[in-house]
Amino acid sequence: MTTGTKAAIRPASPPRIPSSPSGLDPILGGRRLKNYLKVMTLEAQTIARACGKSHLHNLEPEDLVALTIEAAAMAGVPLAGTNWIPGRSGGW
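Shown next as structure tokens:
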């Protein structure tokens, strides 16, 4: 070290789990999963509020509709503005 300069002091890094044979970093994967779950929770809460519900647990199956015929058929929910579920008996 030269006079007048200070070495940077770094905090100790957390222990690392050895890399898996597949090359996936479990720490990074955990962070990404946490972020994904947080965003999905926020989106679900936004949907509940858009339906006029005060809490996510107050959503009911009747609150769900699909915007396209394909989505209605795949999800088994009515097409928006109708009671028709594609693929089930009954008409518009």
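Counting in UniProt numbering, the sequence shown runs from 1 upward without gaps. Positions of the beta carbon are idealized from the N, C-alpha and C atoms, including for glycine. Everything numeric in this text was worked out from a predicted model, so none of it was measured.
Determine the closest residue to residue i out of the options, with distance taken between C-alpha atoms.
i, options, result
"A71", "L59, H55, W84", "W84"
"I69", "E62, L79, D63", "L79"
Between the alpha carbons of residue i and residue j, how many angstroms are there, rounded?
i, j, result
"residue 116", "M74", "Look at the range of the chain in this structure, 1 to 92, and you will see that residue 116 is not part of it."
"P21", "L42", "34 Å"
"E60", "M40", "18 Å"
"S89", "K34", "42 Å"
Can you name the start and end residues of the alpha helix (DSSP H) that residue i belongs to?
i, result
"E43", "26–50"
"I69", "69–75"
Which same chain residues, not among the five before or five after residue i, have their C-beta less than 7 Å away from its C-beta?
i, result
"A44", "L56"
"L64", "V77"
Just to confirm my understanding: we take residue i, look at its own chain, exclude 5 residues before and 5 after, and list those with CB closer than 6 Å. What are they?
i, result
"P86", "I69, A72, A73"
Any heavy atom of the ligand SAM closer than 8 Å to the beta-carbon of residue i?
i, result
"V39", "This structure simply doesn't include the ligand SAM, nor any ligand for that matter."
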